[in-house]
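Here's the structure, in structure tokens; my notes come after.
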Amino acid sequence: MQMIAVKGLVKDFGSFQALKGLNMQVKAGEIYGFIGQNGSGKTTTMNILAGLSRPAQGECIVNSKDVTKLTHPGDLNIGYLPEDPKFYPWMTAHETLVYLSGARKIGHTGEILRWIGLKDAQNRRVGGFSRGMKQRLGIGAALLHNPQLLILDEPSSALDPEGRNEVLHLIKELKSMGKTILFSTHILDDAERVCDTVGMIDAGRMVFEKPLAQLQKESTQPMFDITPASAVKPEILNTIEMLPGVVSLTKSTKAFTIKAVDNAVSVSVMRFFSEHEIVIESFSQRKARLEDLFLQGVNGR
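In terms of the working numbering, the sequence shown is residues 1 to 301.
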């Protein structure tokens, strides 16, 4: 069963086209990581999926409802967390959830506060909360009406490592409760830690959309992270990339990464360094990470 089905989504802001025929599908019960650089179209997509914006073209079915025909965003019956949730600073955490529950006066706010780790802080004013506490309160607010689908926009953005761990733990707990979670992020390590499926957007288009396990299986070729003692000339890097067995070379500020067909390539690469008197500070081998796949997808467009 699909909780989200998007086909040919287009969104324009004046002369700027933010989404250029985006396709995506989110299955029931999975954690879907929507990854991409800032400005790639993630938040635009999330706003459309949450019923807060209308596309110029395309089909968009969320929780069995056509977003293009909604009269009110609440009709979607989803939980939504914006990138930077705002609350009345003079309210306590408990008052905030009671207020947001509306006319229903939901009675399980105390249980939600306990689950998101804010039970001991329920009578503190939200204005004094840390960013991580506000993110957890936002997740609690998204759960008030017990939706089966949650859409979380950059839930771990701008958090310290402890805050990120807390939010990611909550996301995994939500899946164990039978929820479907779509969350966007530009922190690729977060997606790699919790996701079942990953969709990568770049410049308004979906670059790939695959189960994380499949992506990792398809990228079994070894990676070599190399840091030279001094800058290497571009023409030398070009020569290295042409060596037999080298699939690609990606340069960063002070180092570069080689993707190879097998481990034996390291011997020819090190021989090349020796022949050209290139001093290497560090040379390490690892498996491909989601970040490598991301850079490969962007650079390959």
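For every residue, glycine included, the Cβ atom is placed at its ideal position computed from N, Cα and C.
Identify which residue in the options has its Cα closest to the Cα of residue i.
i, options, result
"GLY58", "LEU19, PRO228, ASN146, LEU118", "LEU19"
"PHE13", "MET46, ILE4, SER53", "SER53"
"GLY41", "PHE16, LYS27, ALA255, GLY110", "PHE16"
"VAL318", "ALA158, LEU170, SER64, GLY39", "Any answer about residue 318 is impossible in this case: the structure gives the chain only from 1 up to 301."
"LYS11", "THR43, TYR99, THR185", "THR43"
"VAL232", "PHE273, PRO85, GLN122", "PHE273"
"ASN77", "VAL62, ILE116, PRO234, PRO211", "VAL62"
"ASP66", "CYS195, LYS259, ILE4", "ILE4"
"PHE34", "THR68, GLU173, LEU144, LEU182", "LEU182"
Please state whether DSSP places residue i in a helix, a strand or coil.
i, result
"MET270", "helix"
"TYR99", "helix"
"ASP75", "helix"
"ALA141", "helix"
"GLN148", "coil"
"LYS377", "Since the displayed the chain opens at 1 and closes at 301, residue 377 lies outside it and no answer follows."
"ARG289", "coil"
"ARG114", "helix"
"SER284", "strand"
"LEU243", "coil"
"ASP12", "strand"
Who are the near neighbours of residue i in its chain, counting only those whose CB is closer than 6 angstroms to its CB and skipping five residues on each side?
i, result
"GLN285", "PRO222, PHE224"
"THR227", "ALA255, GLU281, SER282"
Grab me the residues of residue i's own chain with a C-beta within less than 8 angstroms of its C-beta, minus the 5 sequence neighbours each way, in chain order.
i, result
"THR96", "PHE87, TYR88, VAL126, LEU137, ALA141"
"GLY163", "SER130, ARG131, GLY132, GLN135, SER156"
"MET206", "LEU22, ASN23, MET24, GLY199, MET200"
Measure how close the beta-carbons of residue i and residue j come, nearest whole angstrom, since I'm counting them as under 8 angstroms.
i, j, result
"THR197", "GLN148", "Between GLN148 and THR197 the Cβ distance is about 17 angstroms, and since that is not below 8 angstroms, they are no contact."
"VAL265", "VAL246", "6 angstroms"
"GLY36", "ASP202", "6 angstroms"
Among the residues of its own chain, which have a CB less than 7 angstroms from the CB of residue i, if the five just before and after it don't count?
i, result
"GLU83", "THR43, ASP153, GLU154, SER157"
"LEU159", "ARG131, GLY132, GLN135, VAL167"
Length at least 3, wholly inside the region 181-235: the beta strand (DSSP E) runs in chain order
197-202, 205-211, 223-228
Quick one: which unbroken alpha helix (DSSP H) runs of 4-plus residues sit fully inside the region 35-76? Chain order, please.
42-49
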